[in-house]
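*Asks:*
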Amino acid sequence: ITYYDVFPKALGSILKSTNTRELHLRFGHGWYDSDLNGKLVANGNLSGGTGVEIWAFIEANSEDEAFEYWVQLANSLSGLFCASFNSIDSAVTTKPEQLFQKESNIDTNSNLLGQLYHFRSALPREPICTENLTPFLKLLPTKGKQGISSLLSGNKMFNAEWTSMSIDILTNCEDGGVDNCTQSLKQAINLILNVPKVKDKNKYPIPKPTPGAELKCDPSRIHDLYNCFPLVESPDLDFTFLDLFGKVIRGGSLVASKPSTVCFDIDLNNWEIGHLSLQPPDQFYMDEKLCFSLLTSDEYNVSFKTHDSSKVNNIEQPPFQASRSLSGYSQESGGFRLDFFNPTEGDQVIVIFQALPWFVKLYTHSLVLTVTNKSGESVLLNVQNEELSEYIKEIVYHPAVDRVTPTHLELRILAPAKTKLKFTFSFDKSMLLYSEYPPDANHGFELEPVVFALIDKDHPDNVKYIMRTTTGLLTLPTPDFSMPYNVIILTLTIMSLTFGSIFNLLVKKVVTEEEAELAQSERPVEKLKQKFRTLFGRT
Numbered sequence: 001i002t003y004y005d006v007f008p009k010a011l012g013s014i015l016k017s018t019n020t021r022e023l024h025l026r027f028g029h030g031w032y033d034s035d036l037n038g039k040l041v042a043n044g045n046l047s048g049g050t051g052v053e054i055w056a057f058i059e060a061n062s063e064d065e066a067f068e069y070w071v072q073l074a075n076s077l078s079g080l081f082c083a084s085f086n087s088i089d090s091a092v093t094t095k096p097e098q099l100f101q102k103e104s105n106i107d108t109n110s111n112l113l114g115q116l117y118h119f120r121s122a123l124p125r126e127p128i129c130t131e132n133l134t135p136f137l138k139l140l141p142t143k144g145k146q147g148i149s150s151l152l153s154g155n156k157m158f159n160a161e162w163t164s165m166s167i168d169i170l171t172n173c174e175d176g177g178v179d180n181c182t183q184s185l186k187q188a189i190n191l192i193l194n195v196p197k198v199k200d201k202n203k204y205p206i207p208k209p210t211p212g213a214e215l216k217c218d219p220s221r222i223h224d225l226y227n228c229f230p231l232v233e234s235p236d237l238d239f240t241f242l243d244l245f246g247k248v249i250r251g252g253s254l255v256a257s258k259p260s261t262v263c264f265d266i267d268l269n270n271w272e273i274g275h276l277s278l279q280p281p282d283q284f285y286m287d288e289k290l291c292f293s294l295l296t297s298d299e300y301n302v303s304f305k306t307h308d309s310s311k312v313n314n315i316e317q318p319p320f321q322a323s324r325s326l327s328g329y330s331q332e333s334g335g336f337r338l339d340f341f342n343p344t345e346g347d348q349v350i351v352i353f354q355a356l357p358w359f360v361k362l363y364t365h366s367l368v369l370t371v372t373n374k375s376g377e378s379v380l381l382n383v384q385n386e387e388l389s390e391y392i393k394e395i396v397y398h399p400a401v402d403r404v405t406p407t408h409l410e411l412r413i414l415a416p417a418k419t420k421l422k423f424t425f426s427f428d429k430s431m432l433l434y435s436e437y438p439p440d441a442n443h444g445f446e447l448e449p450v451v452f453a454l455i456d457k458d459h460p461d462n463v464k465y466i467m468r469t470t471t472g473l474l475t476l477p478t479p480d481f482s483m484p485y486n487v488i489i490l491t492l493t494i495m496s497l498t499f500g501s502i503f504n505l506l507v508k509k510v511v512t513e514e515e516a517e518l519a520q521s522e523r524p525v526e527k528l529k530q531k532f533r534t535l536f537g538r539t
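Per UniProt numbering: the sequence shown = residues 1 to 539.
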């Protein structure tokens with residue numbers, strides 16, 4: 001990068017110092033319900049799991065040198081985004097072989113200074129908050145002061161049902177060579193807001209019971225000040241940008257090559273859209289969506305109104321459904337269960353990516369696959385059945401090394417139409433050192449989401465849809481952290497008692513009571529007291 005007119009210099013200097021040719025960051029918060037919300041935006045390519053996720057391609061002469069750059073990159077991004085990337089080391093780093101592949105237009109056979117090395121890591125415990133949003137907005141040319149980004153604020157954004165932020169940096173070279181290359185930065189934010197919930201919080205910032213006068217009770221049933229049978233919530237809905245985000249759009253971006261466009265994918269037969277601006281913009285249709293462009297520096301506020309909020313456009317369902325759950329309650333061992341369902345009429349090629357901490361010892365020989373066809377018939381297959389190869393086409397497995405590398409598992413499977421697949425694995429739990437437990441050890445350890453990706457049959461490197469499950473909460477044998485303090489207190493008490501007794505024996509002389517009284521009477525102070533008693537007639 002030579003010019004930093006719109007590209008953030010803070011990020012460019014980090015990429016240059018670490019020889020990073022491609023970088024992807026994901027920040028996730030909340031839970032995405034695919035049954036309610038349908039497919040992920042951009043087929044899941046701009047979404048991440050809970051916490052933070054990072055993968056990059058680094059140019060270096062050797063893998064050891066590339067890993068040093070990788071650690072340096074994580075430490076630099078930690079300070080830039082106020083996140084715990086600095087905790088990334090070899091124990092949480094994997095090298096994917098089938099997913100998260102290179103998207104940049106760089107020919108690996110071209111005149112590179114070194115080779116490209118691929119690294120990925122995820123931190124599912126990382127909380128996403130305003131401290132991450134602020135540096136995210138600072139990367140924009142407008143710094144979040146103009147354009148659509150001026151709507152974003154931390155107190156509104158992270159009260160959403162689900163939030164995802166993404167940063168993608170690619171290196172594109174002409175003809176795949178390295179003589180003339182440019183880097184592009186793409187930032188995206190996806191939100192799911194519960195409008196009635198947001199409006200209620202605007203009305204009552206501090207949660208409290210609804211006043212009796214505002215309760216909507218069923219008039220056909222007995223109700224008074226203490227009893228109420230609530231009515232079904234009214235389908236009428238009326239809100240604006242100001243209600244949802246606490247802000248309005250502060251004009252268009254003055255540095256963009258083309259004006260920003262705002263589009264609404266709603267049922268215009270049941271929804272009314274109004275512009276609350278001094279100069280309402282001209283509206284147009286693009287891809288069957290109502291849109292308008294931010295052509296001026298005026299403020300833009302849009303109102304939405306309907307008498308039946310249940311009438312919305314049809315939601316496109318995802319091409320498959322998947323989930324991950326934990327089984328077992330023992331403190332020494334447990335199990336995983338991966339559920340997959342193909343609702344389509346054709347076979348699907350799926351890649352499953354799972355990275356586990358080093359203290360989870362996964363046993364691949366314990367794999368059991370349950371296949372349920374559309375008629376409800378189930379078949380159990382284990383690693384000894386030859387029919388297993390009809391569903392599992394390829395396995396990539398790198399076992400964990402204690403405190404060095406995590407468990408890395410990738411499965412390429414073939415899911416028949418209208419078929420449910422259930423994978424189960426067994427694992428053992430390793431013991432941790434006392435200092436390796438987090439402050440809230442009894443809460444458990446977060447496991448990063450499992451990644452499911454739909455692969456194009458004709459182009460194996462093309463991912464048609466990708467999604468991540470929720471995080472898993474794993475409990476490990478937890479020591480009694482109060483015991484060390486009890487031992488310390490008991491030890492110090494015994495030492496103080498022992499020291500006091502020995503010290504008295506060493507510095508003090510043992511005498512009889514008569515000798516002690518005689519020695520006391522011969523003290524100068526006692527003689528002086530005796531003279532005063534004689535002088536004043538006291539004995």
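From the three backbone atoms N, C-alpha and C, an ideal C-beta is built for every residue, glycine too.
To the nearest angstrom, how far is the alpha carbon of residue 369 from that of residue 464?
*Replies:* Cα to Cα, the separation comes out at about 25 angstroms.
*Asks:* Which residue spans inside the region 272-309 form an unbroken beta strand (DSSP E) run of at least 3?
*Replies:* Runs of the beta strand (DSSP E) inside the region 272-309: 283-286, 289-293, 302-306.
*Asks:* Please state if the CB of residue 396 and the CB of residue 410 are separated by a distance shorter than 8 angstroms.
*Replies:* The answer is yes: Cβ separation under 8 angstroms.
*Asks:* Starting from residue 403, trace the beta strand (DSSP E) both ways and give me its first and last residue.
*Replies:* Per DSSP, residue 403 belongs to no beta strand (DSSP E) and is neither H nor E.
*Asks:* Between the alpha carbons of residue 309 and residue 344, how many angstroms are there, rounded?
*Replies:* Straight-line Cα distance between these residues: approximately 30 angstroms.
*Asks:* Would you say residue 253 and residue 142 are within 8 angstroms of each other, going by their C-beta atoms?
*Replies:* Result yes, Cβ atoms of residue 253 and residue 142 sit closer than 8 angstroms.
*Asks:* Report buried or exposed for residue 324, applying the criterion of at least 16 other Cβ atoms within 10 angstroms of its Cβ.
*Replies:* Classification for residue 324: buried.
*Asks:* Flag this pair as yes or no: are the beta carbons of residue 240 and residue 271 separated by less than 8 angstroms?
*Replies:* Not a contact, by the Cβ cut-off of 8 angstroms.
*Asks:* Quick one: measure Cβ to Cβ for residue 73 and residue 128, integer angstroms, because I've assumed they're closer than 8 angstroms.
*Replies:* Not a contact, Cβ separation roughly 20 angstroms.
*Asks:* Is DSSP giving residue 55 helix, strand or coil here?
*Replies:* Correct three-state label for residue 55: strand.
*Asks:* Quick one: is residue 494 buried, meaning 16 or more other Cβ sit within 10 Å of its Cβ, or exposed?
*Replies:* Exposed, since its Cβ has fewer than 16 Cβ neighbours within 10 Å.
*Asks:* Under the DSSP definition of a beta bridge, which residues are partnered with residue 424?
*Replies:* 337, 368.
*Asks:* Threshold first: 3 residues or longer. Then list the beta strand (DSSP E) segments lying entirely within the region 164-194, N to C.
*Replies:* Entirely contained in the region 164-194, the beta strand (DSSP E) runs reaching 3 residues are, in chain order, 181-192.
*Asks:* Under a three-way DSSP split, which group does residue 464 fall into?
*Replies:* Strand at residue 464.
*Asks:* Quick check: the region 46-56 against the region 466-480, are at least 3 beta-carbon pairs closer than 8 angstroms?
*Replies:* Cβ pair count under 8 angstroms is three or more, so yes.
*Asks:* Compare the C-alpha of residue 317 against each of 28, 41, 24 and name the closest.
*Replies:* Out of 28, 41, 24, 41 has the C-alpha closest to the C-alpha of residue 317.
*Asks:* Ends of the alpha helix (DSSP H) at residue 92?
*Replies:* First-last for residue 92: undefined, no H or E at that position.
*Asks:* Name, in chain order, the residues that DSSP records as bridge partners for residue 117.
*Replies:* For residue 117, which the question treats as bridged, DSSP gives the partners 58.
*Asks:* Should the region 337-353 be called in touch with the region 414-428, which here means at least 3 C-beta pairs below 8 angstroms?
*Replies:* Yes, the region 337-353 touches the region 414-428.
*Asks:* According to DSSP, is residue 250 part of a helix, a strand, or is it coil?
*Replies:* The answer is strand: DSSP assigns residue 250 an E or B state.
*Asks:* Reducing DSSP to helix, strand and coil, say where residue 213 ends up.
*Replies:* It is helical.
*Asks:* Could you give the residue range of the alpha helix (DSSP H) that holds residue 487?
*Replies:* Looking at the DSSP string, the run of the alpha helix (DSSP H) that includes residue 487 is 482-507.
*Asks:* Quick one: give me the first and last residue of the alpha helix (DSSP H) that residue 238 is part of.
*Replies:* Run containing residue 238: none in the alpha helix (DSSP H); it sits in the beta strand (DSSP E), 237-240.
*Asks:* For residue 410, list the residues DSSP reports as bridge partners.
*Replies:* DSSP, once it has assigned bridges, lists 353, 396 as partnering residue 410.
*Asks:* Given a threshold of 16 other Cβ atoms within 10 Å of its Cβ, counted over all protein chains shown, does residue 521 qualify as buried or as exposed?
*Replies:* Exposed, by the Cβ-count rule.
*Asks:* To the nearest angstrom, report how far apart residue 34 and residue 335 are at their CA atoms.
*Replies:* Straight-line Cα distance between these residues: approximately 25 angstroms.
*Asks:* Looking only at DSSP bridge pairs, what is residue 435 linked to?
*Replies:* Beta-bridge pairing links residue 435 to no other residue.
*Asks:* Out of 210, 100, 106, 213, point me to the one whose CA is closest to residue 354's CA.
*Replies:* When each option's Cα is compared against that of residue 354, the closest is 100.
*Asks:* Let me know if residue 197 comes out buried or exposed under the rule of 16 or more other beta-carbons within 10 Å of its beta-carbon.
*Replies:* Residue 197 is exposed by the Cβ-count criterion.
*Asks:* To which residues of the same chain is residue 57 closer than 6 angstroms at the C-beta, ignoring the five residues directly before and after it?
*Replies:* Answer for residue 57: 21, 22, 102, 116, 118, listed in chain order.
*Asks:* Quick check: the region 163-177 against the region 23-30, are at least 3 beta-carbon pairs closer than 8 angstroms?
*Replies:* The region 23-30 is in contact with the region 163-177.
*Asks:* In the DSSP assignment, find the unbroken alpha helix (DSSP H) run with residue 382 in it and report its ends.
*Replies:* From DSSP, residue 382 is part of no alpha helix (DSSP H) but of the beta strand (DSSP E) over 378-382.
*Asks:* Would you decide whether residue 79 is buried or exposed? Buried here means 16 or more other CB atoms lie within 10 Å of its CB.
*Replies:* With fewer than 16 Cβ atoms within 10 Å of its Cβ, residue 79 is classed as exposed.
*Asks:* For the candidate residues 190, 144, 149, 145, whose alpha-carbon lies nearest to that of residue 164?
*Replies:* It is 190 whose Cα lies nearest to the Cα of residue 164.
*Asks:* Is the Cβ-Cβ distance between residue 123 and residue 245 less than 8 angstroms?
*Replies:* Not a contact, by the Cβ cut-off of 8 angstroms.
*Asks:* Answer yes or no: do residue 330 and residue 300 have a C-beta to C-beta separation smaller than 8 angstroms?
*Replies:* No, these two residues do not count as a Cβ contact at 8 angstroms.
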